[in-house]
Amino acid sequence: MPPDTPAIAFEQAAEHGRICSVAARGQRDLQERVAAYRDLFPDPPVDATMLSALALSTAFIAPWCSASDLRTANRTSLWVTAEDWRIDSVAASLAEATATATACLSVAAGATPADGDELARFLADIRDDLAVTPLFARLGHLWQDELRRMLDAELQEWQWKAARNADPADLPSPGDYLANAAGYGATWVNISHWIATSAVDTEDQLVALVTASQEVEKVLRLVNDLASYDRDVKAGDLNILMLGIDEDEVRQQVAALIERCDTLLDRLTDTCAQQVGYLRRVLGFTTGFYHGTDFWGPR
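With the first letter of the sequence shown counted as 1, position 36 gets the number 115 in this note's numbering; the numbers rise by one all the way through.
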């Protein structure tokens with residue numbers, strides 16, 4: 080391949096610089112959120128590197144967006160981190176984990192957070208930002224539905240881990256584990272972003288995008304597991320590689336799922352071209368990112 084001309088090289092570098100400037104503004108906002116809700120974010124694993132990686136991911140996945148456009152995507156991603164930590168690492172019983180999920184769902188539906196519940200208060204801030212957007216009155220129920228789906232998946236994983244702790248042979252099947260990928264949180268973040276940026280015209284468009292996003296999320300679950308296996312073993316978390324299949328089989332699953340995602344996304348290109356591009360970039364960026372690291376710092 081011939082080298083780029085100086086003009087092309089300049090334009091490409093300038094565009095990368097612009098995207099990184101959007102990410103820098105996003106990281107500063109995330110740092111302010113962490114400072115505002117300090118008890119939600121232990122350091123590690125929520126360190127400055129993680130916040131930078133999160134902000135860079137959204138900026139490169141949606142390079143047509145401004146820092147303001149990406150604020151909801153960044154903040155919901157950060158909230159998922161806090162929620163995952165609360166249920167996965169803090170909750171000492173299923174009752175405690177369920178109470179956290181119930182409180183969050185109540186706030187998502189409009190309730191006032193209980194005094195001292197910073198996780199619910201952060202969610203209420205996100206809800207209130209979304210509530211003033213043009214689409215929320217019509218499509219906010221889908222946002223709530225996906226939040227419930229994500230939290231149900233988190234509770235399912237909590238129960239699987241508890242069962243394994245009681246009997247190491249008591250593990251979910253690989254198929255059941257992958258079907259529970261909503262706990263990764265990406266689809267809820269995507270719905271939040273699409274509503275915040277008025278990215279769709281109709282409920283049917285959003286439903287179709289959500290269906291595709293749920294398949295994309297399975298790929299993210301698998302490539303994340305490939306990157307985080309050693310950490311998951313140390314932390315006692317579940318991972319697809321603990322369920323009787325090896326890396327080669329997982330990589331084959333990833334390839335098959337990406338092919339399925341491509342088929343679903345091809346069908347949406349005429350009506351949701353930019354959001355199809357967004358989901359393709361989610362796949363590409365995240366797969367590439369997890370080749371070298373993951374978002375969490377050391378635990």
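A virtual CB, placed ideally from N, CA and C, is assigned to each residue, including glycine.
Asked	Found
Should the stretch 135 to 153 be regarded as contacting the stretch 191 to 201, the criterion being three or more beta carbon pairs within less than 8 angstroms?	no
Just reading off the alpha helix (DSSP H) that residue 220 is part of, what are its end residues?	215 to 245
Count Cβ pairs between the stretch 173 to 188 and the stretch 119 to 134 that sit closer than 8 angstroms; are there 3 or more?	no
For residue 182, which of 202, 163, 168 and 167 has the nearest alpha-carbon?	202
Going by the CB atoms, is the gap between residue 152 and residue 268 shorter than 8 angstroms?	yes
Considering just the uninterrupted stretch of the alpha helix (DSSP H) at residue 89, what are its terminal residues?	85 to 115
Using the C-alpha atoms, what's the distance from residue 366 back to residue 299?	7 angstroms
CB residue 187 to CB residue 223, shorter than 8 angstroms?	yes
Using 8 angstroms as the threshold, is the C-beta distance between residue 274 and residue 212 below it?	yes
Have a look at residue 178 and residue 105 and give me their C-alpha separation to the nearest angstrom.	31 angstroms
By Cβ distance, which residues of its chain are closer than 7 angstroms to residue 98, with the 5 residues on each side in sequence left out?	138, 139 and 142
Are there any heavy atoms of the ligand FAD lying less than 7 angstroms away from the beta-carbon of residue 86, as far as the coordinates show?	Among the components modelled here there is no ligand, and therefore nothing to report on the ligand FAD.
Counting only C-beta atoms, is residue 320 closer than 8 angstroms to chain D at any point?	Among the chains in the structure shown there is no chain D, since it carries only a single protein chain.
Hey, residue 362 and residue 340: beta-carbon distance below 8 angstroms or not?	yes
Distance, Cα to Cα, residue 208 vs residue 158?	14 angstroms
Return yes when the Cβ of residue 307 is within less than 8 angstroms of the Cβ of residue 255, no when it is not.	no
Should residue 252 go down as buried or exposed, given a rule of 16 or more other Cβ atoms within 10 Å for buried?	exposed
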